[in-house]
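Read the structure below first, then the notes.
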Amino acid sequence: MKITVLGPAHPFRGGLASIMEIMARTFQQRGNQVDIRTFTVQYPSLLFPGKSQTLTTPAPADLRIRRCVNTVNPFNWLREGWSLCREAPDFILLKYWTPFMAPCFGTIARLARRNGHTKVLCQIDNVEPHEHHFVDRPFNRYFLSAVDGFVYMSEQVHGELKEYTSAPALFSPHPLFENFGSRTDRGEACVRLGLDPQLSYVLFFGLIRDYKGLDLLLEAWRRLRDAGQTASRRLLVAGEFYAPRERYIRQIAESGLEGEVLLHDHFIPDELVKYYFSAADFVVQPYKSATQSGVTQIAYQFCTPMVVTAVGGLPEIVPDGRVGYVCPPTAEGVAAAIGRMYEGDALARFRENCLEERRRFSWEEMCNRITELYRIVSSPK
Numbered sequence: 426m427k428i429t430v431l432g433p434a435h436p437f438r439g440g441l442a443s444i445m446e447i448m449a450r451t452f453q454q455r456g457n458q459v460d461i462r463t464f465t466v467q468y469p470s471l472l473f474p475g476k477s478q479t480l481t482t483p484a485p486a487d488l489r490i491r492r493c494v495n496t497v498n499p500f501n502w503l504r505e506g507w508s509l510c511r512e513a514p515d516f517i518l519l520k521y522w523t524p525f526m527a528p529c530f531g532t533i534a535r536l537a538r539r540n541g542h543t544k545v546l547c548q549i550d551n552v553e554p555h556e557h558h559f560v561d562r563p564f565n566r567y568f569l570s571a572v573d574g575f576v577y578m579s580e581q582v583h584g585e586l587k588e589y590t591s592a593p594a595l596f597s598p599h600p601l602f603e604n605f606g607s608r609t610d611r612g613e614a615c616v617r618l619g620l621d622p623q624l625s626y627v628l629f630f631g632l633i634r635d636y637k638g639l640d641l642l643l644e645a646w647r648r649l650r651d652a653g654q655t656a657s658r659r660l661l662v663a664g665e666f667y668a669p670r671e672r673y674i675r676q677i678a679e680s681g682l683e684g685e686v687l688l689h690d691h692f693i694p695d696e697l698v699k700y701y702f703s704a705a706d707f708v709v710q711p712y713k714s715a716t717q718s719g720v721t722q723i724a725y726q727f728c729t730p731m732v733v734t735a736v737g738g739l740p741e742i743v744p745d746g747r748v749g750y751v752c753p754p755t756a757e758g759v760a761a762a763i764g765r766m767y768e769g770d771a772l773a774r775f776r777e778n779c780l781e782e783r784r785r786f787s788w789e790e791m792c793n794r795i796t797e798l799y800r801i802v803s804s805p806k
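Residue numbers are given in the working numbering: position 35 of the sequence shown equals residue 460, and the series is strictly consecutive.
As structure tokens, then:
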């Protein structure tokens, strides 16, 4: 088949780009002709809260990546849409995670389908965004109505999707991030990160946004500290602030946690990810809302146990009491779950169970579902 992947890819950084590249590579290894179209402009700098959107590392040599899509230039959308219409791939695979992309993606999709051959498929992360704006629903409606079929990764997303479209939709869980490598020796990981190997570490990982509940985790840690449960333990926060940094720094200071919380508040490059998950006893996702999370799949990749809150699709992916604990999205709930992680042989048992549970999350299965979806939408009506 001839496949065009449209979305983030090198030189853009982060998990979304990694996902699109791994999917393209998996389809390519199956003998398909695959090219990736990524952005010249992904977000205007005024709308991007991070320090940099791109990497300086070389592009993957085994993938064909073209930078040609400008998300804020309607003339570019027309050009790219007609270009895809002429090239006539069997299907275009889009990644959708924010309504900001809807005008661009929706226009390109509508034009590309005009050849009567090309189908538009979407691997959808979110329908309703975590941070809402008045344009979300009309933007969603414009894009989602231009798609022939969807692959979703949580039942919450599926439920939201059905409010907009009756197009075919298949479930496939978020695969593992195999590009981050394998678990390494804990001592080596601590040395690489400048951590004291005599201490134990609880990890919060990923971009820091308000909905991810770092404030709940800090309050939970204060409660544990006051109960005498954090001796020789540290909370390791690794990720770039996409929310006001000062608010969290103030909470740390007011709670007297300066010596208890280690801030690695910068973008974590791919080659360092394994060290964080190998150094930590477990990772905490104290989210206030969620659909699914790439952090969960990174934890599975490294067999790192988890504490997650009972929101969105997280309990679907993290069986309570098997690879960690699911708790209420409150400081009390998070504190109780962290305390339970250190009881008995829980950590060793959860690590072992991660090996079995992670077999569910393969890129082959994701690509199988996308191929199945293509057959469904291509069959005569």
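From the three backbone atoms N, C-alpha and C, an ideal C-beta is built for every residue, glycine too.
Predicted model, so just to flag it, every value in this text is computed and none were measured.
Residue j beta carbon less than 8 Å from that of residue i
i	j	result
F464	V497	no
V732	I763	yes
G541	I801	no
I633	L639	yes
Y589	V552	yes
P600	S718	no
F630	K699	no
T429	P514	yes
L628	L661	yes
F500	A527	no
P483	E446	no
L772	F707	yes
Q581	G738	yes
D690	R670	yes
G584	L536	no
A534	V572	yes
L586	Y701	no
Start-to-end residues for the alpha helix (DSSP H) that takes in residue i
i	result
G719	719-726
V802	788-803
G758	756-766
V698	695-704
T451	440-454
F464	Looking at the DSSP string, F464 is not in any alpha helix (DSSP H); the run it does join, the beta strand (DSSP E), is 458-466.
L739	739-742
L772	771-782
Whole-angstrom C-beta distance between residue j and residue i, which should lie under 8 Å
i	j	result
P754	P711	7 Å
Y626	A705	5 Å
F775	V748	5 Å
I693	A715	The pair is not a contact, with the Cβ atoms about 20 Å apart (cut-off 8 Å).
Y636	K713	5 Å
T532	L503	7 Å
Y799	K544	6 Å
S597	M578	7 Å
A645	A756	5 Å
L641	V759	6 Å
R489	I444	So it is not a contact: roughly 17 Å between Cβ atoms.
P622	R611	7 Å
L431	L518	7 Å
T479	F516	In fact, because the Cβ distance is near 28 Å, the residues do not count as touching under 8 Å.
Element boundaries [beta strand (DSSP E), containing residue i]
i	result
H689	686-689
G749	749-752
R504	Counting along the chain, R504 falls outside any beta strand (DSSP E), though it belongs to the alpha helix (DSSP H) covering 499-512.
V736	Premise fails: V736 is in no beta strand (DSSP E) and is neither H nor E.
T729	Taken as a continuous stretch (DSSP letters only), T729 belongs to no beta strand (DSSP E), as it is neither H nor E.
K427	427-431
L519	516-521
F707	707-710
R489	Premise fails: R489 is in no beta strand (DSSP E) and is neither H nor E.
Burial state of residue i, where buried means 16 or more other Cβ atoms lie within 10 Å
i	result
Q458	exposed
E768	exposed
S570	exposed
H435	buried
D550	buried
A656	exposed
V616	exposed
A652	exposed
L780	exposed
A442	buried
P730	buried
T451	buried
P524	buried
S703	buried
A614	buried
T481	exposed
The ligand SAM heavy atom lying under 7 Å from the CB of residue i
i	result
R800	For the structure depicted, the ligand SAM is absent and the ligand set is empty, with no information on it obtainable.
*asked:* What ranges does the alpha helix (DSSP H) occupy inside the region 531-603, keeping only unbroken runs of at least 4 residues that lie completely in it?
replied: Listed in chain order, the complete alpha helix (DSSP H) runs (minimum 4 residues) inside the region 531-603 are 561-569, 580-586.
*Entirely enclosed beta strand (DSSP E) segments - the region 608-689, minimum 3 residues*: Runs of the beta strand (DSSP E) inside the region 608-689: 625-630, 658-663, 686-689.
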